[in-house]
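Data block below; observations after.
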Amino acid sequence: MHTIVVDLGYGDAGKGTVVDRLCAAPGAAPVTSVIRFNGGAQAAHNVVTTDGRHHTFAQFGSGTFSGVPTHLSRLMLVDPLALAAEARHLARLGVPDPLALLTVDRRALLTTPYHAAANQVRERARGTLRHGSCGMGIGETAAYALAHPSDAPTVGDCTSPARLRHTLTLLRDRLTETLGPLDAPPVDACLEAFAAFAAHVTLVDETHLPRLLRRGRVVFEGAQGVLLDEWHGFHPYTTWSTTTFDGAETLLAEAGRPPRTAFRLGVVRTYTTRHGPGPLVTENPALTTALPEPHNGHGRWQGAFRAGDFDAPAHAYAVAACGGVDGLAVTHLDAPARHPDLRIVRTHRAPDGTTTDRIPATRPGDLERRQRLTNRLLAARPAATQTPGSDPRVWSDALAETLSAPVVLESYGPTAADKVTAPGSRNRCPERSPA
């Protein structure tokens, strides 16, 4: 059975380390490929190996240390310059020829230095009202493709210098006309870099993904989190990306696979975090100090890394928004022992004193209603709480009950060796399923 891994929070719940475990699980059916199906170079999936190597996976799949190839699907936004830098770091960590492990769909959109520069200009202009962008041009890439679908540069254009020169020049000129001069290299420099990318990476067409799915078990690795979703997140603190299971399900359907045949694995922490501004009802600054993050900190564009107690209404909203999960991977189960006062916040309290245990669904695309919901969450505070204590088994049971899904994988640390199949879930865990 194929597996889709999705973060049920605001990101940073541990998708990378979960994918690493799925690709390295002893005795499991081998994973033949990791497929990326949303987002782009702004992803930051941290993986630590048992011998101490650390890499923040952005475009490469988080199974790379196990030698599992990565496929960047047509739904990815591909940044060749960032990809080259990531490949160099992986090579320094001992991965032989990382680019040889990569295939890229020719239809995927290109993220360029012009997109990134425009993104940073707009974010700076927002001043104190910043959205928490990563500053890497992801939203600009998606917005430009919507506005100019026939002119948006794609990966396939990298093999056609004349076509790529035309699309890059149009892109630069249009953005410059709107925003003024951009801090970005000339078109010729981009052409040279993108041509080198095309020469060193295997570019494929729409027939490649169905072949991958027939070859063996694959893991679809999502980026960001459901609470940042472009359709269901809390506007305007969202990403220009569908962060639910929908992208992976779309790719499976295009390959002729029936819906809901892949295992849908939702990843949650024992506490709720987010990068940058936006709602975090359960925020507790003391937790940020008590539970330091070695690989998550203040981002130049995103802002501060924030922590709070587990937000049950927000995560239940995420499960509903993405159409349900088949199982949960719970990370940071070592945290309650270090901070036994960690709580599960069961209800939110509004400024008028009313409480609720649910966040209402909003219609996709209804930005005005989603903005009202955001304003409500920004003003809400924790109400009823539960303190499970330091026993990780109690935490697993409580989160399974809260989200109406079985816990199938438990994580007690950063490496694959720190993860265990949850008791009683052996027949349900995706790493034990046949291909």
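The working numbering puts the last residue of the sequence shown at 514; the count rises by one with no breaks. Think of the CB as a built atom: it goes at the ideal place given N, C-alpha and C, for glycine as much as any other residue.
Practice item. Since I believe Y350 is in contact with D308 (beta carbons under 8 Å), could you give me their beta-carbon distance rounded to a whole number of angstroms? Key: Incorrect: roughly 21 Å between the Cβ atoms, too far for contact.
Exercise for review: Would you mind working out which of P337, P175, E333 and A386 sits nearest L359, comparing C-alpha positions?
Suggested key: A386
Review point. Three-state secondary structure (DSSP) at T464?
Key: strand
Check your understanding: To which residues of the same chain is P502 closer than 6 Å at the C-beta, ignoring the five residues directly before and after it?
Key -> none
Practice item. Give the DSSP-derived three-state secondary structure of N454 in the structure shown. Key: helix
Check your understanding: Thinking just about the alpha-carbon of each residue, which of H418, S229 and T233 is nearest to the one in L188?
Key -> T233
Point to revise | Beta-carbon spacing of R115, E300 below 9 Å | key: Yes, these two residues count as a Cβ contact at 9 Å.
**Study point:** F139 vs L181 beta-carbon contact at 9 Å
**Key:** Taking 9 Å as the cut-off, the Cβ atoms of F139 and L181 count as close.
Check your understanding: Going by C-alpha distance, which of R132, N117 and S469 is nearest P419?
Key -> S469
Review point. By how many angstroms is the C-alpha of S141 removed from the C-alpha of D99?
Key: 5 Å
Point to revise | Alpha-carbon spacing of R339 relative to T257, whole angstroms | key: 43 Å
Check your understanding: Can you tell me whether V499 is buried or exposed, with buried defined as 16 or more other CB within 10 angstroms of its CB?
Key -> Result: exposed.
Exercise for review: Spell out the partners DSSP gives A386 in its beta bridges.
Suggested key: T352
Practice item. Would you kindly report the start and end of the unbroken beta strand (DSSP E) that includes I114? Key: For I114, the enclosing beta strand (DSSP E) starts and ends at V110 to R115.
Practice item. Measure the alpha-carbon distance for L456 versus D476 and round it to whole angstroms. Key: If I take the Cα positions, the gap works out to 27 Å.
Check your understanding: By how many angstroms is the C-alpha of H245 removed from the C-alpha of P513?
Key -> The pLDDT assigned to P513 is 44, lower than 50, so where the model puts this residue is not dependable; a value taken from the coordinates is nonetheless given after this. Whole-angstrom Cα-Cα distance: 47 Å.
Practice item. Give me the Cα-Cα distance between G357 and A268, rounded to the nearest whole angstrom. Key: 37 Å
Point to revise | Straight-line Cα distance separating T481 from A122 | key: 28 Å
Practice item. Specify, as a first and last residue, the run of the beta strand (DSSP E) that V409 falls within. Key: G406 to T410
Exercise for review: Can you say whether T433 is buried or exposed, counting buried as having 16 or more other CB atoms within 10 angstroms of its CB?
Suggested key: Under this definition T433 is an exposed residue.
Check your understanding: What three-state label does DSSP hand F313 in the structure shown?
Key -> coil
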